[in-house]
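> Here you go, one structure.
Protein chains in written order, with this note's numbering: chain W, 1089 to 1799; chain P, 797 to 974.
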């Protein structure tokens, strides 16, 4: 019997064996006990104890989220060292980890209570649609670096696990109103209650209205206002002491305005225009968690999500059905986790002037399984974790994500860990099946400046049509990562250091060609004009120049048919390396300070004639200083200072300061006043216009007030 | 599509068969967490039920030997109001206990709860209806974590004033007459 079969047999039958368990608790603090899972096995793929994990992790508590004064998830993520969160305008964000932030390609897997919110159309996250009441968040766990083995594909750069509070802990009615200079209002009402001894529930409704910014890039009036209405609901049922059923749903309707730089379909030049996009989405998740024994548990989760979005560039309608099963078992001093998943996404994109589909294919299927074993070679001191996730998708076939980690805790306070893993990013729908009309290429851009004077006057402003073409030759990007980390925890201070090196094959790039190719008859003109050609070093485009010089009619006839294709290709390599360091110190009972620094360098190695799609070689640097001061029993002040360089985003480096004051006025009411982006004037955070058509706006210093009331 | 649907239904049916409640004995970890909670209930309470000036220790009692053994390990060297926490197994009701834990294995918990010896004792259970039967607090599991019900009025009658921070985190049980 092979080792794999033996492991599977043990996994299936182990629940009924008598096994040892650890009763040691890290702390007896009340809040920590409220947060402690009865079982050591983690059914929800949650971090049991961040300091024991062989990965670069960071946890934001509900208290820190509340004190920050943030009003959205992207703003909260800006508090995490190593996360690149760039505001594009008042609605859109580009967010990533260990790599350049991008609106569409983040290589981040984002989960809300175990439900993936990945958009298969562009393989990214619709951050603007993530509208959960922040006061109902239990915590946010961030894993910087590959999380594919346990969490799934497209987690090569990290995992963000957003966990909301159990409804047992929100059995009251709460209301929150926020307003400010960049927020007309955001009003949330939430009611939670008990269902006798059967369980508990909560429902919430949020309405949000965002004004335009004051200044836009380019010479256009800002238009980045938006309105959204969201309903959320959750039900937790205790079917028995061992069987729990969670049902969660949400519905959202949004109207998002903005400015876009789009391509004229006749002249292929660009113009700036206001647009309005409308989005509707809803999702429903059901999860059953079952404790099989003291040392074993299983979970079955089924999720359905639907999105209908229309904007100036595209119209999409997509739905996804996800089925996930997982079992976790302790066998002696080892823990075995295994699971299977299936996802079916149905995608419909209507052709627009700018985006059209090359195939009628509408289905994206994925299925696979994972197996992970954790073994304590020396109890409480040395742990080894090995595992693999294999997943099939109908675009690129089978993909595998093996992983090995070692965690060594020589003392109670310190932990050294190392890992090697392979992650996979499967192409998005857009990369595979779409054609995207972009800004045309001016003849004056491709003809050597020395010869531009030879162009007929009528063609001096001419632009050749250009499209970005997806292709079924696009392969999955595979990344091999090596990481090393060290953690030290004392009563008053802690240190967390992570270093990484990632080598990616089949990174996304662009090649260019003409279609149709230049006619063979063109060569006649080269021969006939050999005297002109001599010494000028003609290339393909120069032959075109020659054609246009001597036969204007044939030249314009050809130009009207030709298209420059920028073909997506996966022939490049990408090397990324860097690290994060976070030092946290407690000064007495009232002051906590944290200093974080992260640096990521990425270098592309493109074959000849291939260029980058998302950003080019760069180094990202971010300093983050956070201080929280308890001014009194019911007042806190939080300061967040940051410095980030901007070369990767075509903007200046910037620094800023955020101040947030919290006052628990009574048991029922809490007031928060926050100022953001002090110390600098208006700034652009993201200006990679080649990557997104959205015209960014200037992020300005702002003020907000928030009142939270319990009824 | 049909084949996929058949496979999914089969898998769900199999899992429904497997997901029969079959595990109901409290685990060691569960008892350790509950011991931690009992300790915190005492830490965050004031009142006549425990007078440090007249006691050399804070005594937690239970008839369940397994719980006592785990609680002794978990609460070793812990202090409540500068008094060392001691965990003791009892066979019959006896005076002197500051907290009493009544496990689900206890037969006739109501009789134990109403014993005159426990008139000024903080009484915590882990069975359905325990608070309604006379207990002050009762543990239950929600979403894999320990939560509790609490009767502020019963605590008050036992001269125990519990911190509002703790009361807020529990599920308040209102007495039928209120």
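Where a beta carbon is used, it is the ideal one built from N, C-alpha and C, also for glycine.
Taking buried to mean at least 16 other C-beta atoms within 10 Å of its own C-beta, is residue 1641 of chain W buried or exposed?
With fewer than 16 other Cβ atoms within 10 Å, it is exposed.
> Show which residues of chain P have a CB atom less than 7 angstroms away from the CB atom of residue 1056 of chain W.
In this structure chain W extends from 1089 to 1799, so residue 1056 of chain W is not present and cannot be described.
> What residue does the beta strand (DSSP E) around residue 867 of chain P start on, and which one ends it?
Here residue 867 of chain P belongs to no beta strand (DSSP E); instead the alpha helix (DSSP H) covers 861-870.
> Could you give the C-beta distance for residue 1402 of chain W and residue 1443 of chain W, rounded to a whole number, given that I count them as a contact under 8 angstroms?
With 8 angstroms as the limit, residue 1402 of chain W and residue 1443 of chain W qualify as a contact, their Cβ atoms being about 4 angstroms apart.
> DSSP three-state label for residue 1399 of chain W, please.
Residue 1399 of chain W falls in the coil class under three-state DSSP.
> Using 8 angstroms for Cβ pairs, my map puts residue 1208 of chain W next to residue 1517 of chain W. What's the rounded Cβ distance?
Indeed, because the Cβ distance is near 6 angstroms, the residues count as touching under 8 angstroms.
> What did DSSP end up calling residue 1391 of chain W once you bin it into helix, strand or coil?
Correct three-state label for residue 1391 of chain W: strand.
> Among residues of its own chain, excluding the 5 on either side of residue 1227 of chain W, which ones have a beta-carbon nearer than 7 angstroms to its beta-carbon?
Excluding positions up to five away in sequence, the list reads 1147, 1148, 1149, 1150, 1251.
> DSSP on residue 1490 of chain W, reduced to helix/strand/coil?
Reduced to three states, the DSSP call for residue 1490 of chain W is strand.
> Could one say the Cβ of residue 1756 of chain W lies closer than 8 angstroms to chain P's Cβ atoms, at least one of them?
Not one chain P Cβ lies under 8 angstroms of residue 1756 of chain W.
> Hey, does residue 1282 of chain W have any beta-carbon neighbour from chain P nearer than 8 angstroms?
Taking Cβ atoms only, chain P reaches closer than 8 angstroms to residue 1282 of chain W, which makes this a yes.
> How long is the line joining the alpha carbons of residue 1592 of chain W and residue 1243 of chain W, rounded to whole angstroms?
Their Cα atoms are separated by approximately 13 angstroms.
> What does residue 862 of chain P touch in chain W if you count any residue whose Cβ is under 8 angstroms from its own?
Per Cβ cutoff of 8 angstroms: no residues; residue 862 of chain P is ~11 angstroms from chain W at best.
> Can you give, in chain order, each stretch of the beta strand (DSSP E) that sits fully within the segment 1704-1768 of chain W and has at least 3 residues?
DSSP runs (the beta strand (DSSP E)) wholly in the segment 1704-1768 of chain W: 1706-1720, 1723-1732, 1742-1752, 1757-1766.
> Would you mind sorting residue 897 of chain P into buried or exposed? The rule is 16 or more other CB atoms within 10 Å of its CB.
It counts as buried.
> Determine the burial state of residue 961 of chain P: buried for a count of at least 16 other Cβ atoms within 10 Å of its Cβ, exposed for fewer.
Exposed, because fewer than 16 other Cβ atoms sit within 10 Å of the Cβ of residue 961 of chain P.
> Is the segment 1254-1265 of chain W touching the segment 1195-1204 of chain W, taking contact as three or more C-beta pairs under 8 angstroms?
The answer is no - the segment 1195-1204 of chain W does not touch the segment 1254-1265 of chain W, with fewer than three Cβ pairs under 8 angstroms.
> Compute the Euclidean distance between the alpha carbons of residue 965 of chain P and residue 1170 of chain W, then round it to the nearest angstrom.
Distance between the alpha carbons of residue 965 of chain P and residue 1170 of chain W: 34 angstroms.
> Quick one: is residue 924 of chain P near chain W, going by C-beta distance under 8 angstroms?
Residue 924 of chain P counts as touching chain W.
> My guess is that residue 1590 of chain W and residue 1664 of chain W are in contact by the Cβ rule of under 8 angstroms, so how many angstroms apart are they, rounded?
Their Cβ separation, rounded to whole angstroms, is 4 angstroms, which keeps residue 1590 of chain W and residue 1664 of chain W in contact under 8 angstroms.
> Of all the residues that make up the segment 923-952 of chain P, which are near chain W by a beta-carbon distance shorter than 8 angstroms?
Flagged, chain order: 924, 936, 937, 938, 939, 940, 941, 942, 943.
> For the beta strand (DSSP E) containing residue 1181 of chain W, list its first residue and its last residue.
Here the beta strand (DSSP E) through residue 1181 of chain W covers 1181-1185.
> Provide the residue(s) that pair with residue 914 of chain P in DSSP beta bridges, ordered along the chain.
Partner(s): none; residue 914 of chain P has no beta bridge.
> Is residue 1352 of chain W helix, strand or coil by DSSP?
Of the three classes helix, strand and coil, the one that applies to residue 1352 of chain W here is coil, per DSSP.
> Buried or exposed for residue 875 of chain P, going by 16 or more other Cβ atoms inside 10 Å?
With fewer than 16 other Cβ atoms within 10 Å, it is exposed.
> Let me check one thing: in DSSP terms, what residues is residue 1663 of chain W bridge-paired to?
The partner list for residue 1663 of chain W (beta bridge, DSSP) reads W/1591, W/1691.
> Considering only DSSP beta bridges, list what residue 1384 of chain W is partnered with.
Note: residue 1384 of chain W sits in a beta bridge opposite W/1381, W/1417.
> Check whether the segment 1154-1174 of chain W and the segment 1721-1738 of chain W are in contact - that is, three or more C-beta pairs closer than 8 angstroms.
With the cut-off at 8 angstroms, the segment 1154-1174 of chain W and the segment 1721-1738 of chain W touch.
> Assuming residue 1649 of chain W is part of the alpha helix (DSSP H), what are its boundary residues?
Here the alpha helix (DSSP H) through residue 1649 of chain W covers 1640-1649.
> Would you call the segment 1462-1473 of chain W and the segment 1416-1433 of chain W in contact, with 3 or more CB pairs under 8 angstroms?
Because the criterion of three Cβ pairs below 8 angstroms is met, the segment 1462-1473 of chain W and the segment 1416-1433 of chain W touch.
> Over what stretch of residues does the alpha helix (DSSP H) that includes residue 1551 of chain W continue unbroken?
Careful: residue 1551 of chain W lies outside any alpha helix (DSSP H), inside the beta strand (DSSP E) at 1551-1557.
> Expressed to the nearest angstrom, what Euclidean distance is found between the alpha-carbon atoms of residue 1470 of chain W and residue 1688 of chain W?
Between residue 1470 of chain W and residue 1688 of chain W, the C-alpha separation is close to 29 angstroms.
> Does the count of Cβ pairs from the segment 1170-1190 of chain W and the segment 1766-1775 of chain W closer than 8 angstroms reach three?
As far as the Cβ criterion goes, the segment 1170-1190 of chain W touches the segment 1766-1775 of chain W, which means the pair count is three or higher.
> Any idea what DSSP makes of residue 1196 of chain W, helix, strand or coil?
Here residue 1196 of chain W sits in strand by DSSP.
> Using 8 angstroms as the limit for Cβ to Cβ distance, is residue 833 of chain P near chain W?
Taking Cβ atoms only, chain W reaches closer than 8 angstroms to residue 833 of chain P, which makes this a yes.
> To the nearest angstrom, report how far apart residue 1327 of chain W and residue 1787 of chain W are at their CA atoms.
Cα to Cα, residue 1327 of chain W sits roughly 49 angstroms from residue 1787 of chain W.
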